[in-house]
Every structure is written in structure tokens, then in C-alpha cells.
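Below is one structure, written out as C-alpha cells, with a few remarks after it.
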Amino acid sequence: MPTPQEPTDPDHPEQPETPETAEKAPRSPDRRGIAVAAALLLACGALLTYGILDTGSEQADRESTVPTAAVTYEVLGEGTADISYRGDGTGDRAHVVKNTELPWKKTVDVPLGTSPVINITLGEKGGEASCTLAVRGKHVQRATASGPFGRTTCTSELPAAEAASGVSDAAR
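Each residue of the sequence shown is one higher than the one before, counting from 724 in my numbering.
Below, the structure written as C-alpha cells:
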């Protein structure tokens with residue numbers, strides 16, 4: 724007499740369990756491997772975060788260690804002028820001050836090895852204005868602009884940082 728068959732699940736056909744099929748059965752992932760992978764992932768994330776957050780302080784440290792010289796820019800005259808000058812650790816970028824009432828004066832720190840420079844441009848009404856440049860309190864240059872849209876520039880050379888490192892702060 725035939726034995727009644729039990730219904731079979733098409734996704735999991737019934738097979739008799741033998742030692743070979745028991746070894747091939749899927750295993751759950753090794754928990755130690757997951758823990759090690761998670762720890763490595765966290766360590767990489769922490770290093771990446773530290774690198775991103777610490778970048779700004781390194782940049783500030785490098786900028787603060789560059790030797791500088793105090794440079795005083797001054798524009799004398801009456802009326803207004805457009806002024807551009809280099810300083811305050813901006814490298815080759817100039818600060819621009821538009822339509823400024825004269826007289827005008829500003830002292831900034833300029834990195835050694837760069838040239839301090841100030842440009843003035845008079846407006847449509849013209850007039851007369853002069854720029855002066857002093858490095859560490861010592862007058863270096865003076866130039867005058869006159870007439871409508873008159874222009875002039877004052878500039879100087881600062882020693883390179885290596886050349887100035889032998890000079891004491893008292894001599895500066």
C-alpha cells in the first residue's frame with residue numbers, strides 16, 4: 724500500500740539529511756569577523772574625521788610661522804580715492820578700499836619675501852594725492868597722483884625669510 728506523501732514546499736524540497744548535506748548547509752556569519760570589520764570601519768572613519776577637522780589648525784600654524792614685517796601705507800590728500808594694498812597674509816591678493824575719504828593710513832604685516840605695494844586712483848574730479856610706504860617705521864617711498872583718474876603706486880622689496888632669519892628682532 725502506498726504511503727501518503729506529505730506536501731512538499733517547492734522552495735525547500737525535502738531531502739534526507741546526510742553528513743554531506745549537513746556540512747553544506749548555510750552557516751550564520753561569524754560574529755568575530757563582523758566585530759573586526761566594524762572596528763576597522765570605525766577606525767578609518769575616526770582617522771578621516773581627524774584629518775578633516777585638523778587641517779585648519781595645521782594651515783593656521785604654517786601661516787603664523789611665516790616671518791613678517793610691519794608695513795605702514797598712507798595716502799595723503801583731499802577728497803576720495805580708490806586704494807588697493809597688499810598685506811595681512813593674503814599672499815598676492817590685494818585688499819581694495821573704494822571711494823575712501825583722504826587722508827587714509829593702515830599698518831599691516833607683510834610676509835617676508837613678498838613686495839608691499841599700494842596703488843591709488845583718483846576719481847573723475849581729480850585732485851592730488853600721494854602715497855607713502857614705510858617698512859618697520861622707516862620711510863621707503865613716496866609718489867604723487869594728480870588730475871582726473873590720476874594713478875600712482877608705491878612699492879618696496881622685503882628680504883626673503885631666509886636672509887632675514889639672521890637679523891635679530893631688535894635690529895628690525
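Yeah, the Cβ is synthetic: ideal placement off N, Cα and C, and Gly gets one too.
- A straight line joining the alpha-carbon of ARG755 with that of ALA761 spans about 10 Å.
- If you look at SER869, you'll find it in the beta strand (DSSP E) that goes 861-869.
- In this structure, the CA atom of GLU824 is about 11 Å from the CA atom of LEU845.
- PRO839 is the residue among GLY802, PRO839, VAL863 and LYS848 whose C-alpha sits nearest the C-alpha of ALA883.
- Here DSSP, grouped into helix, strand and coil, assigns LEU856 to strand.
- Bounds of the beta strand (DSSP E) holding LEU799 are 791-800.
- Excluding the 5 residues flanking it on each side, ASN842 has same chain C-beta neighbours closer than 6 Å at SER807 and THR876, in chain order.
- In its chain, beyond the 5 residues on either side, TYR796 have a beta carbon closer than 6 Å to the beta carbon of LYS829.
- When the alpha-carbon of THR791 is set against those of ALA857, ARG859, LEU770 and VAL833, the nearest one is in VAL833.
- Taking the Cα positions, LEU881 is about 17 Å away from THR788.
- In the structure shown, THR844 falls within a strand segment according to DSSP collapsed to helix, strand and coil.
- Looking at SER869, VAL759, GLU847 and ALA793, the one whose alpha-carbon comes closest to that of SER853 is SER869.
- When DSSP reads this structure, ASP832 sits in a beta bridge with ALA793.
- No Cβ-Cβ contact shorter than 7 Å links GLY836 with PRO871.
- In the structure shown, the three-state DSSP call for ALA769 is helix.
- When DSSP states are grouped into helix, strand and coil, ARG816 belongs to the coil group.
- The beta carbon of THR855 is closer than 6 Å to those of GLU797 and ARG865 in its chain, skipping five residues each way along the sequence.
- If you draw a straight line from the Cα of ALA817 to the Cα of ARG874, it is about 16 Å long.
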